[in-house]
Each structure stands twice: as structure tokens, then as C-alpha cells.
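J.: Can you read through this structure? Questions will come right after.
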């Protein structure tokens, strides 16, 4: 019976080892579940912040686009207001000035030819 008495303490030690292993496995499983849960929460938080950032960037891009469209329109209007005369327009103006100069010269010569009337 000595053998059976020795088996019992050995058996008890083995059973305690298995029980401790099962307990450790349970705690490890609980820790893994907790890490997984926190990881999922972190992913959701990052996704939400990313969504908010994308919306803010989209709004800023739209505002910038609208502002640049307004600036572009003002530039076009300013350029149109500064339109330079074409070569033909300058030539036409030169001809008109020449004709007016001739008319003024004619009028001045007629004025000098007429005697002054005293009265």
C-alpha cells in the first residue's frame, strides 16, 4: 500500500498543476478578450476621428474652391477692363486725329483771313 499512498500525493500534485494550468488559461483568455475589446474600441475611435477629419477637409476644400472661383472671375473682369486697343483701332484713331487737325487748321486760316468787324 505504500505505492498507492505515494500515488495519491503525486496524483494530487498533477491535478493541482492541471487546475493551475486551467486557471492560467482562463485568465489568459480573459486578458485576450480584454485586449481584443480595447483594440476594437480604438479602431472605432480612430475611424470616427478619420471621418470627422475627412468631412472637415472636404468642407475646407469646397470653401477654397468657391473662393478661388470668385478670385478668378474678378481677375477675368479686371483683364477685360484693361483691354488694350488693337492695331486697327489705333490706326482709326490716328486717322480721326489727322482729320480733326486739318479741320482746326482750316478754321484757323479762315479766321485769320476774315477782317475784324468793329462796331
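Numbering (our numbering), first residue to last: 53 to 171.
Glycine is no exception: its CB is placed at the ideal position from the N, C-alpha and C atoms.
Predicted model, so just to flag it, every value in this text is computed and none were measured.
Rounded to the nearest angstrom, what separates residue 115 and residue 125 at their Cα positions?
T.: Against the chain shown, residue 115 aligns to sequence position 63. Against the chain shown, residue 125 aligns to sequence position 73. Straight-line Cα distance between these residues: approximately 15 Å.
J.: Using C-beta distances below 7 Å, list every residue in its chain close to residue 93, excluding the 5 sequence neighbours before and after it, in chain order.
T.: The residue given as residue 93 occupies position 41 in the chain shown. Excluding residues within five positions, none has a Cβ falling inside 7 Å.
J.: Where residue 68 and residue 90 are concerned, what is the direct C-alpha to C-alpha distance, given to the nearest angstrom?
T.: By one-based count along the chain shown, residue 68 stands at place 16. By one-based count along the chain shown, residue 90 stands at place 38. Approximately 33 Å between the Cα atoms of the pair.
J.: Suppose you measure from the CA of residue 75 to the CA of residue 101; what does that come to, to the nearest Å?
T.: Working through the chain shown from its first residue, we reach residue 75 at position 23. Working through the chain shown from its first residue, we reach residue 101 at position 49. Spanning the two alpha carbons is a distance of roughly 39 Å.
J.: Quick one: is the Cβ of residue 159 within less than 6 Å of any heavy atom of the ligand HEM?
T.: Of the ligands one can find in the structure shown there are none, so the ligand HEM has no counterpart to examine.
J.: Is DSSP giving residue 68 helix, strand or coil here?
T.: The residue given as residue 68 occupies position 16 in the chain shown. Reduced to three states, the DSSP call for residue 68 is helix.
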